[in-house]
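As structure tokens, then:
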């Protein structure tokens, strides 16, 4: 989607609004939708949409210091989510965002979200947005999605263990990737999974120790026969 084609009243803008509205309705069970845009017809900006929470996060890889307002793109997205709502779109509890200026439903646009910046003079602008794309998605989900589970087991994090608060769990797994945590409906189940995880780690360490001990014994025996 290109900014220069989204003037007010243009056919392209109308089509873009309708397309985004229908796309969000088609995938209304999805937590995130990825939307690449070109605000300057050159540099690519990735927008992560979370319709359920009326949230739009902008990942701008441009190295320029000039702050963009994305006025046209924001207008298109706000029209699209308004149509999404009127045609059966679903929202999470307290997920609807009412714009202070228009008093209408719209996206909450986070345009200063930190992301990888391209080098000055680089011609691979889109690469810097698409690089680590999976990481962008995981970060966005960590920020705007609160799992329905009550107790969280942090398998890999700053301080692994069982946590009752989502915010605390999020702090522990910050900058850790992969399946580093999981939620469980009861504390009993969470503690059981954590103990099993610890037991498996201990068994793995013991196996590693025994294998290394065996290798050292074999090496020592070989050296003994060689030297003797």
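In this note's numbering, the protein residues as written are 65 to 292.
The C-beta atom is built at its ideal place from N, Cα and C for all residues, glycine as well.
Open item on the list: Quick test of your reading: residue 181 and residue 169, contact by CB under 8 angstroms. State the CB separation rounded to the nearest angstrom.
Closed with: Here the question's residue 181 lines up with position 117 in the chain shown. Here the question's residue 169 lines up with position 105 in the chain shown. The Cβ separation is near 32 angstroms, so there is no contact.
Task: Residue from 71, 151, 284 and 110 whose Cα sits closest to the Cα of residue 86 - done: To locate residue 86, count along the chain shown from 1; it is residue 22. The shortest C-alpha separation from residue 86 is found at 151.
Task: Alpha-carbon spacing of residue 147 relative to residue 132, whole angstroms - done: Residue 147 sits at position 83 when you count from the first residue of the chain shown. Residue 132 sits at position 68 when you count from the first residue of the chain shown. Rounded to the nearest angstrom, the two C-alpha atoms are 26 angstroms apart.
Open item on the list: I need the DSSP call for residue 249, collapsed to helix, strand or coil.
Closed with: Position 185 of the chain shown, counted from the first residue, corresponds to residue 249. Residue state, collapsed to three classes: coil.
- [ ] Report the three-state DSSP secondary structure of residue 124 (helix, strand or coil).
- [x] By 1-based counting over the chain shown, the position of residue 124 is 60. Here residue 124 sits in strand by DSSP.
Task: Delimiting residues of the alpha helix (DSSP H) encompassing residue 76 - done: Against the chain shown, residue 76 aligns to sequence position 12. It spans 75 to 90 - the alpha helix (DSSP H) in which residue 76 sits, taken as one unbroken run.
Task: Uninterrupted beta strand (DSSP E) stretches inside the stretch 230 to 280 (no shorter than 3 residues) - done: 245 to 248
- [ ] Starting from residue 172, trace the alpha helix (DSSP H) both ways and give me its first and last residue.
- [x] The residue you call residue 172 lines up with position 108 of the chain shown. Residue 172 -> not in any alpha helix (DSSP H); beta strand (DSSP E) instead, spanning 172 to 177.
Open item on the list: Given a cut-off of 9 angstroms on the beta-carbon distance, is the pair residue 142 and residue 116 in contact?
Closed with: Along the chain shown, read from residue 1 onward, the residue named residue 142 stands at position 78. Along the chain shown, read from residue 1 onward, the residue named residue 116 stands at position 52. Not closer than 9 angstroms, so no.
Task: C-alpha gap between residue 73 and residue 179, whole angstroms - done: Against the chain shown, residue 73 aligns to sequence position 9. Against the chain shown, residue 179 aligns to sequence position 115. Rounded to the nearest angstrom, the two C-alpha atoms are 33 angstroms apart.
- [ ] Express the C-alpha separation of residue 254 and residue 281 in angstroms, rounding to a whole number.
- [x] Reading the chain shown from its first residue, position 217 is the one you call residue 281. Reading the chain shown from its first residue, position 190 is the one you call residue 254. Distance between the alpha carbons of residue 281 and residue 254 is about 41 angstroms.
Open item on the list: Under 8 angstroms, with one C-beta from each stretch per pair, do the stretch 211 to 231 and the stretch 254 to 263 reach the 3-pair mark?
Closed with: yes
Task: Three-state secondary structure (DSSP) of residue 286 - done: Within the chain shown, residue 286 is the residue found at index 222, counting from 1. Looking at residue 286 - three-state DSSP - the assignment turns out to be helix.
Open item on the list: Can you find the residues in the same chain that come closer than 7 angstroms, C-beta to C-beta, to residue 244, ignoring five residues on each side of it along the sequence?
Closed with: The residue you call residue 244 lines up with position 180 of the chain shown. Listed in chain order, the non-local C-beta contacts of residue 244 below 7 angstroms within the same chain comprise 218, 219, 220, 221 and 237, local neighbours out to five positions each way being set aside.
TODO: Can you tell me which of 240, 277 and 139 puts its alpha carbon nearest to the alpha carbon of residue 166?
DONE: Along the chain shown, read from residue 1 onward, the residue named residue 166 stands at position 102. It is 139 whose Cα lies nearest to the Cα of residue 166.
- [ ] With DSSP collapsed to three states, give me the class of residue 161.
- [x] Sequence index remark: in the chain shown, residue 161 carries index 97 (1-based). Here residue 161 sits in coil by DSSP.
Open item on the list: Whole angstroms are fine: how far does the CA of residue 102 sit from the CA of residue 211?
Closed with: As a first step, residue 211 must be located in the chain shown, where it is residue number 147. As a first step, residue 102 must be located in the chain shown, where it is residue number 38. Unreliable placement is indicated for residue 211, whose pLDDT of 48 sits below 50; the coordinate value is still reported in the next sentence. Spanning the two alpha carbons is a distance of roughly 33 angstroms.
Task: Assigned secondary structure, residue 140 (DSSP; H/G/I helix, E/B strand, else coil) - done: Position 76 of the chain shown, counted from the first residue, corresponds to residue 140. Looking at residue 140 - three-state DSSP - the assignment turns out to be helix.
Task: Neighbourhood of residue 233 by C-beta, 7 angstroms cutoff - its chain only, sequence neighbours within 5 removed - done: On the chain shown, residue 233 is found 169 positions in, with the first residue counted as 1. If we look at residue 233 and ignore the five residues flanking it on each side, its Cβ neighbours are 216, 218, 227 and 245.
Task: Where residue 70 sits in the DSSP three-state scheme - done: Taking the chain shown and counting its residues from 1, the one referred to as residue 70 is at position 6. Coil at residue 70, not helix or strand.
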